[in-house]
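Written below as structure tokens is the structure these notes are about.
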Ligand code: CAA
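Residue numbers (our numbering): 35 to 294.
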């Protein structure tokens, strides 16, 4: 874990708790390709490094955990590249969920789109009072493409998941807690302390039981929907509506969708 990254900060303490901070604060930690590659690499290291017992994943800066996939990289994708992008993100997020060491997301700001999906791929979620959740992809002419259409219904139930995905509306930390999307809401300044306390409470237990409990809980997960999600995401990337939605965001104007 002594590797250095361009878009992540990584620190490990003497108890084997790694803190990984997504670090693109000027773009609200949006997930560009480099960042996704580095996330894949760091979680590979966390998996193989026996001295690491668990990980807290958070975001840099005052405003965001992660504000989603980098919309600049989505604009103009054709169907093939859109599907590939979705599958790549899905695989990396799956590798995070499959890490059999507890991963706690500490969300202290926006967790939108791919950011909410990243938080959902973590095993537990702690939000500070200023956290904001949402899957706004629909407003870009898209759908969640990094596992959100599969994990959100699993976590909050199908009806609420559909409501959130179809409206793209945002939730406060307290609303997210009511839905079971986050485990706890804590004051802003004590987020890291609370995440550390929860991690230590887990790590007091036997590592084998922790690992197998996680395996058992996730065993029930249905994975085939991911393929459908990636196909649809790819198809939508190639539409005029997605080009309009992503362009409108980048040009700071309201989108005009034509349904084509
Ligand atoms: N992608 C690329 N750039 C982004 C970004 C994103 N997802 N989110 C924010 N940024 C950039 C902005 O373009 C801006 O850059 P410039 O300074 O160069 O203009 C910078 O970060 C700061 O953002 P804002 O000025 O917009 O900050 P704000 O405080 O006014 O608004 C916000 C904050 C409400 C989070 C707003 O930035 C926003 O709506 N972001 C987009 C959220 C979103 O739609 N996420 C979903 C992305 S699609 C996705 O994730 C697909 C998938 O599932 C795979």
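Each residue gets a CB set at the ideal place from its N, CA and C atoms; glycine is no exception.
**Message:** I'd like the span of the alpha helix (DSSP H) that includes residue 140, first residue to last.
**Reply:** Position 106 of the chain shown, counting from 1, holds the residue named residue 140. Run containing residue 140: none in the alpha helix (DSSP H); it sits in the beta strand (DSSP E), 137–141.
**Item:** Any non-hydrogen atom of the ligand CAA within 6 Å of residue 214 CB
**Value:** Within the chain shown, the letter at position 180 stands for residue 214. For the ligand CAA, not one heavy atom lies less than 6 Å from the Cβ of residue 214.
**Message:** For residue 92 and residue 142, what's the separation of their Cα atoms in angstroms?
**Reply:** Here residue 92 refers to the residue found at position 58 when the chain shown is read from its first residue. Here residue 142 refers to the residue found at position 108 when the chain shown is read from its first residue. Spanning the two alpha carbons is a distance of roughly 8 Å.
**residue 170 beta carbon near the ligand CAA (any heavy atom closer than 6 Å)** = Within the chain shown, residue 170 is the residue found at index 136, counting from 1. True, at least one ligand heavy atom lies under 6 Å from that Cβ.
**Prompt:** Where are the alpha helix (DSSP H) runs, 4 residues long or more, that stay fully inside the segment 67–139, in chain order?
**Reply:** Within the segment 67–139, the complete alpha helix (DSSP H) runs of at least 4 residues are 67–82, 105–108, 113–131.
**Asked** Rounded to whole angstroms, how far is the Cβ of residue 130 from the Cβ of residue 137, which I believe are closer than 8 Å?
**Response** Stepping through the chain shown from its first residue, residue 130 is reached at position 96. Stepping through the chain shown from its first residue, residue 137 is reached at position 103. The Cβ separation is near 6 Å, so the contact holds.
**Asked** Distance, Cα to Cα, residue 113 vs residue 273?
**Response** In the chain shown, the residue the question calls residue 113 occupies position 79. In the chain shown, the residue the question calls residue 273 occupies position 239. C-alpha of residue 113 to C-alpha of residue 273: approximately 9 Å in a straight line.
**Asked** Quick one: what does DSSP say residue 38 is sitting in, helix, strand or coil?
**Response** As a first step, residue 38 must be located in the chain shown, where it is residue number 4. Coil.
**Item:** Where residue 294 falls, given that 16 or more other Cβ within 10 Å makes a residue buried
**Value:** Your numbering for residue 294 matches position 260 in the chain shown. Counting C-beta atoms within 10 angstroms of its own C-beta, residue 294 has fewer than 16 neighbours from the protein chains shown and is therefore classed as exposed.
**Request:** Note the first and the last residue of the continuous alpha helix (DSSP H) segment covering residue 297.
**Result:** The question about residue 297 has no answer, for the chain in this structure spans 35 to 294.
**Prompt:** Taking 6 Å as the cut-off, does the CB of residue 146 come closer than this to any heavy atom belonging to the ligand CAA?
**Reply:** Counting from 1 along the chain shown, the entry for residue 146 is found at position 112. Yes, the beta carbon of residue 146 sits closer than 6 Å to at least one heavy atom of the ligand CAA.
**Request:** Mind checking which residues open and close the alpha helix (DSSP H) that includes residue 252?
**Result:** Here residue 252 refers to the residue found at position 218 of the chain shown. It spans 241–253 - the alpha helix (DSSP H) in which residue 252 sits, taken as one unbroken run.
**Request:** List the endpoints of the continuous alpha helix (DSSP H) containing residue 267.
**Result:** Here residue 267 is taken as the residue at index 233 of the chain shown, counted from 1. DSSP places residue 267 inside the alpha helix (DSSP H), whose first and last residues are 259–271.
**Request:** Using the Cα positions of residue 164 and residue 216, report the straight-line distance between them to the nearest angstrom.
**Result:** The residue given as residue 164 occupies position 130 in the chain shown. The residue given as residue 216 occupies position 182 in the chain shown. CA-to-CA, the gap between residue 164 and residue 216 works out to about 13 Å.
**Message:** With H, G and I counted as helix, E and B as strand and the rest as coil, what does DSSP make of residue 52?
**Reply:** Numbered from 1 along the chain shown, position 18 holds the residue referred to as residue 52. Judged by DSSP in its simplified three-state form, residue 52 adopts strand.
**Prompt:** First and last residue of the alpha helix (DSSP H) that includes residue 196?
**Reply:** Residue 196 sits at position 162 when you count from the first residue of the chain shown. Start and end: 192–201.
**Segment contact, 8 Å Cβ cut-off, at least three pairs: the segment 101–120 with the segment 75–89** = The segment 101–120 vs the segment 75–89: no contact.
**Asked** In terms of residues, what are the limits of the alpha helix (DSSP H) holding residue 236?
**Response** Sequence index remark: in the chain shown, residue 236 carries index 202 (1-based). Residue 236 -> alpha helix (DSSP H) spans 225–237.
**Item:** For residue 149, three-class secondary structure by DSSP
**Value:** Sequence index remark: in the chain shown, residue 149 carries index 115 (1-based). The answer is helix: DSSP assigns residue 149 an H, G or I state.
**Prompt:** Can you give the Cα-Cα distance for residue 154 and residue 292, rounded to whole angstroms?
**Reply:** Position 120 of the chain shown, counted from the first residue, corresponds to residue 154. Position 258 of the chain shown, counted from the first residue, corresponds to residue 292. One C-alpha to the other measures close to 32 Å.
**Prompt:** Whose C-alpha, out of 39, 161, 133, 72, is nearest the C-alpha of residue 253?
**Reply:** For the purposes of this step, residue 253 is taken as residue 219 along the chain shown, with counting starting at 1. Selected option, being the one with the closest Cα: 133.
**Asked** Any idea what DSSP makes of residue 45, helix, strand or coil?
**Response** Position 11 of the chain shown, counted from the start, is the residue given in the question as residue 45. Under the three-state reduction of DSSP, residue 45 is assigned to strand.
**Asked** Going straight from the alpha carbon of residue 241 to that of residue 38, what length do you get?
**Response** Counting from one through the chain shown, the residue named residue 241 turns up at place 207. Counting from one through the chain shown, the residue named residue 38 turns up at place 4. Using only the alpha carbons, I get a separation of about 27 Å.
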